[in-house]
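Engineer: In full-length UniProt numbering, the protein residues as written are 1 to 595. A virtual CB, placed ideally from N, CA and C, is assigned to each residue, including glycine. The following block contains the structure, expressed as structure tokens.
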């Protein structure tokens, strides 16, 4: 036993040396300089970024996002795409029409390929151009709105599938226009900083709820008739209308997911590298044998379908129905419905993507505390917009930033190399989709809960000292998980913020400043004027100062608030990484969680 242990220890040591040498060689190369890896010699090199760590982070992000391959295809296939049902007014008849069902299954396989291709291309392009560890894919929530509200089940909605894809295509170009002119950048900056921080906390709770749910998690909580949420954990056969009437907490799959989460947390406590990937892999492998209570392939029609797909292991399915399926005919009353669809996609995607992107940038310590911006933000918004239009060409709903990117950031991802590795994995999954689409939700559920735990630490950076900032932040934090939407959660927070602070301003204006709310001096400074550097387009073609300078806000004692913020940011940058988690600057998990 001692001999085996010694040999294993020696082998691990040799492997560690190999990884170190590979890291050193790649980090100091031109490749490493492009991504600002540690030791590359660039003045903006990132001290925490190494090739091996970015590689692990990319694999982790992919592992937590891979469910989108099957889930997105399943949701969008409910539209029927361009399949023709003989009786469009009766969904029940369509569900029994053999030709239609065969076509719908082909559409579902088309969308598996399309989803993986769009996610792969978008993540690689985004990572290379922005150098952010953030992956993109067709967004959850937006795909449900696209399917069940706009197109409708089997095409029974307001506009046909092809016209809805055209709306998504047009939306992407509008995004690009807003990004280039600086309007999207300005829309992000006018959101109060405390609400943007609160949105990150809300996303953490949202991920936790997703990780605990049945659809994409371990099944620990369910819905209920008498209460919004209830304890779950019953076997799938006992699940009735989304709730567990009996056999609570007796699901073997749930306990396997909890085991995987505890194992991952234990490995993270000892700073084991790739802890998240190890946890997901072990739970997935234990879930693949068929004749166990843990199987992901039960002997049902759905389980048999999954297993038949899983047995192929390597399979490529060309896109036949959804490629280039756009329609441009706005006659017959479709024009108004088309405009409504474009507008809805636009405002939901703006709020959803920008809130998530800001939270991910803050989570990996990319946000500049001086102006609340992150590097290459205009390029990031333009790239996201271009990917939206590209995705529609393959038949997908709007592409957006994925909150699951936080799993890769928690694993140590700090550069665009993380996103590129994730994108490569998605492209590879086009040929190995049967394997990657067979990662069960209870394997990734506890990972999402752990990421939520890391993200919620930002809550101490919310301005709780003034009710005009605290209450809107609290509403944002709560409404994101409870509404199951990042966009609507931030909308609720902005609404409360506007109403409360408008009423306070009216009272102060009428009283001539005599009536002032309690602790008003602790209010976070906010202005609607765009500040910081103007968009690159205007820097190229204009001279002088384009954006109005942000008003100089003075505290009652005469000190400049912005100077204080700059000084605080500078002091934070000078601190060691482990000491940056004070109440004023919580933006990333501790080093122990990154290694």
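Below 8 Å, how does it come out for the region 289-304 and the region 242-259: are there three or more Cβ pairs, yes or no?
Structural biologist: At 8 Å Cβ cutoff, the stretches touch.
Engineer: Pull up the distance between the alpha-carbon of residue 560 and that of residue 525, whole angstroms please.
Structural biologist: Here residue 560 refers to the residue found at position 560 of the chain shown. Here residue 525 refers to the residue found at position 525 of the chain shown. Confidence at residue 560 is low in this model, with a pLDDT of 42, below 50, so the placement of that residue should be treated as unreliable; the coordinate-derived value is given next. Cα-Cα distance, rounded: 11 Å.
Engineer: Per DSSP, which residues does residue 240 bridge with? Please list them.
Structural biologist: Taking the first residue of the chain shown as 1, we reach residue 240 at position 240. According to DSSP, which records beta bridges pairwise, residue 240 is partnered with 243.
Engineer: So the beta strand (DSSP E) residue 137 belongs to, where does it begin and stop?
Structural biologist: As a working mapping, residue 137 is identified with position 137 in the chain shown. Start and end: 136-138.
Engineer: Per DSSP, which one or two residues make a beta bridge with residue 275?
Structural biologist: What you label residue 275 is simply residue 275 of the chain shown in a count that begins at 1. None, per the DSSP bridge assignment.
Engineer: State yes or no: is the C-beta of residue 203 within less than 9 Å of the C-beta of residue 212?
Structural biologist: Counting from one through the chain shown, the residue named residue 203 turns up at place 203. Counting from one through the chain shown, the residue named residue 212 turns up at place 212. No, Cβ-Cβ distance for residue 203 and residue 212 is not below 9 Å.
Engineer: Can you tell me which of the three DSSP states residue 367 falls into?
Structural biologist: If you number the chain shown from 1, residue 367 lands on position 367. Residue 367 falls in the coil class under three-state DSSP.
Engineer: Name the one or two DSSP bridge partners that residue 373 has.
Structural biologist: Counting from one through the chain shown, the residue named residue 373 turns up at place 373. 368.
Engineer: Just to confirm the assignment, what range does the alpha helix (DSSP H) spanning residue 400 have?
Structural biologist: Indexing the chain shown from 1 puts residue 400 at position 400. Looking at the DSSP string, residue 400 is not in any alpha helix (DSSP H); the run it does join, the beta strand (DSSP E), is 399-401.
Engineer: Could you tell me which residues DSSP puts in a beta bridge with residue 231?
Structural biologist: Locating residue 231 in the chain shown gives position 231, where the first residue counts as 1. Beta-bridge pairing links residue 231 to 221.
Engineer: Count the other C-beta atoms from every protein chain shown that fall within 10 angstroms of the C-beta of residue 240, then say buried if there are 16 or more, exposed otherwise.
Structural biologist: The count along the chain shown starts at 1 and reaches residue 240 at position 240. The residue in question, residue 240, is exposed, as its Cβ has fewer than 16 Cβ neighbours within 10 Å.
Engineer: Touch check for the region 310-318 and the region 471-489: three-plus C-beta pairs under 8 Å?
Structural biologist: Verdict: no, contact absent.
Engineer: Residues in its own chain within less than 7 Å of residue 515 by CB, not counting five upstream and five downstream?
Structural biologist: Here residue 515 refers to the residue found at position 515 when the chain shown is read from its first residue. If we look at residue 515 and ignore the five residues flanking it on each side, its Cβ neighbours are 507, 508.
Engineer: Indicate the three-state DSSP secondary structure (helix, strand or coil) for residue 10 in the structure shown.
Structural biologist: Reading the chain shown from its first residue, position 10 is the one you call residue 10. Residue state, collapsed to three classes: helix.
Engineer: State whether the region 359-369 contacts the region 109-121, with contact taken as three or more CB pairs (one from each stretch) at a distance under 8 Å.
Structural biologist: As far as the Cβ criterion goes, the region 359-369 does not touch the region 109-121, which means the pair count is below three.
Engineer: Count the C-beta pairs between the region 409-424 and the region 120-135 that are closer than 8 Å, then say yes if the count reaches three, no if not.
Structural biologist: With a cut-off of 8 Å, the region 120-135 and the region 409-424 count as touching, because enough Cβ pairs lie within range.
Engineer: Keeping to the same chain, check which residues put their C-beta closer than 7 Å to that of residue 50; ignore five residues upstream and five downstream.
Structural biologist: By 1-based counting over the chain shown, the position of residue 50 is 50. Closer than 7 Å at the Cβ level, and outside the excluded window around residue 50, lie 23, 27, 37, 38.
Engineer: Closest by CA to residue 597, which one among 75, 373, 284, 83?
Structural biologist: This structure cannot settle anything about residue 597, because the visible part of the chain is limited to 1 through 595.
Engineer: How would you write the range of the alpha helix (DSSP H) that residue 255 sits in, first residue to last?
Structural biologist: Here residue 255 refers to the residue found at position 255 of the chain shown. Unbroken alpha helix (DSSP H) run through residue 255: 252-269.
Engineer: Starting from residue 189, follow the alpha helix (DSSP H) in both directions and report where the run begins and ends.
Structural biologist: Counting from 1 along the chain shown, the entry for residue 189 is found at position 189. Start and end: 183-189.
Engineer: Ignoring anything shorter than 4 residues, give me the alpha helix (DSSP H) runs that lie fully in the region 383-447, in order along the chain.
Structural biologist: Complete alpha helix (DSSP H) runs here, min 4: 405-410, 416-429, 433-436.
Engineer: What does a CB cutoff of less than 7 Å around residue 377 pick up in its chain, not counting 5 residues either side in sequence?
Structural biologist: Residue mapping note: residue 377 aligns to position 377 of the chain shown, counting from 1. Excluding residues within five positions, the ones whose Cβ falls inside 7 Å are 185.
Engineer: Could you pull out every residue in the same chain whose Cβ sits closer than 6 Å to the Cβ of residue 469, ignoring the five residues on either side in sequence?
Structural biologist: Here residue 469 refers to the residue found at position 469 of the chain shown. Result list for residue 469: 194, 463, 524, in chain order.
Engineer: How is residue 340 classed by DSSP in three states: helix, strand or coil?
Structural biologist: Counted from its first residue, the chain shown places residue 340 at position 340. The answer is helix: DSSP assigns residue 340 an H, G or I state.
Engineer: Leaving out the 5 sequence neighbours to the left and right, which residues in its chain are closer than 8 Å to residue 261 when beta-carbon positions are compared?
Structural biologist: Residue numbering aside, residue 261 sits at position 261 when the chain shown is read from its first letter. Around residue 261: 218, 279, 445, 446, 447, 449, 450.
Engineer: Verify whether the separation of the beta carbon atoms of residue 199 and residue 423 is less than 9 Å.
Structural biologist: By one-based count along the chain shown, residue 199 stands at place 199. By one-based count along the chain shown, residue 423 stands at place 423. No, they are not a contact pair.
Engineer: Quick test of your reading: residue 190 and residue 382, contact by CB under 8 Å. State the CB separation rounded to the nearest angstrom.
Structural biologist: Position 190 of the chain shown, counting from 1, holds the residue named residue 190. Position 382 of the chain shown, counting from 1, holds the residue named residue 382. Residue 190 to residue 382, Cβ: 20 Å. No contact.
Engineer: What is the residue span of the alpha helix (DSSP H) that residue 86 lies within?
Structural biologist: Translated into positions along the chain shown, residue 86 becomes position 86. Premise fails: residue 86 is in no alpha helix (DSSP H) and is neither H nor E.
Engineer: Nearest-angstrom Cα distance between residue 555 and residue 188?
Structural biologist: The sequence position of residue 555 within the chain shown is 555, counting from 1. The sequence position of residue 188 within the chain shown is 188, counting from 1. Reliability fails at residue 555, whose pLDDT of 37 lies under 50, so the model's placement of it is uncertain and the value that follows must be treated cautiously. Residue 555 and residue 188: Cα-Cα distance of roughly 25 Å.
Engineer: Mapping DSSP to helix, strand and coil, what is residue 301?
Structural biologist: For the purposes of this step, residue 301 is identified with residue 301 of the chain shown, where counting begins at 1. It is helical.
Engineer: Between which two residues does the alpha helix (DSSP H) harbouring residue 109 extend?
Structural biologist: Counting from 1 along the chain shown, the entry for residue 109 is found at position 109. Segment 98-130, the alpha helix (DSSP H) holding residue 109.
Engineer: Cutting at 8 Å between CB atoms, please list the residues of its own chain near residue 78, excluding the five before and the five after it.
Structural biologist: Residue numbering aside, residue 78 sits at position 78 when the chain shown is read from its first letter. Cβ neighbours of residue 78 beyond the five flanking positions: 147, 148, 153, 154.
Engineer: Pairs of beta-carbons, one from the region 391-403 and one from the region 12-20, closer than 8 Å: are there three or more?
Structural biologist: Segments in contact, no.
Engineer: For a test of the three-state rule: what should DSSP assign to residue 61, helix, strand or coil?
Structural biologist: What you label residue 61 is simply residue 61 of the chain shown in a count that begins at 1. Of the three classes helix, strand and coil, the one that applies to residue 61 here is helix, per DSSP.
Engineer: Please report how far the alpha carbon of residue 76 lies from the alpha carbon of residue 159, in whole angstroms.
Structural biologist: Taking the first residue of the chain shown as position 1, residue 76 is located at position 76. Taking the first residue of the chain shown as position 1, residue 159 is located at position 159. Approximately 14 Å between the Cα atoms of the pair.
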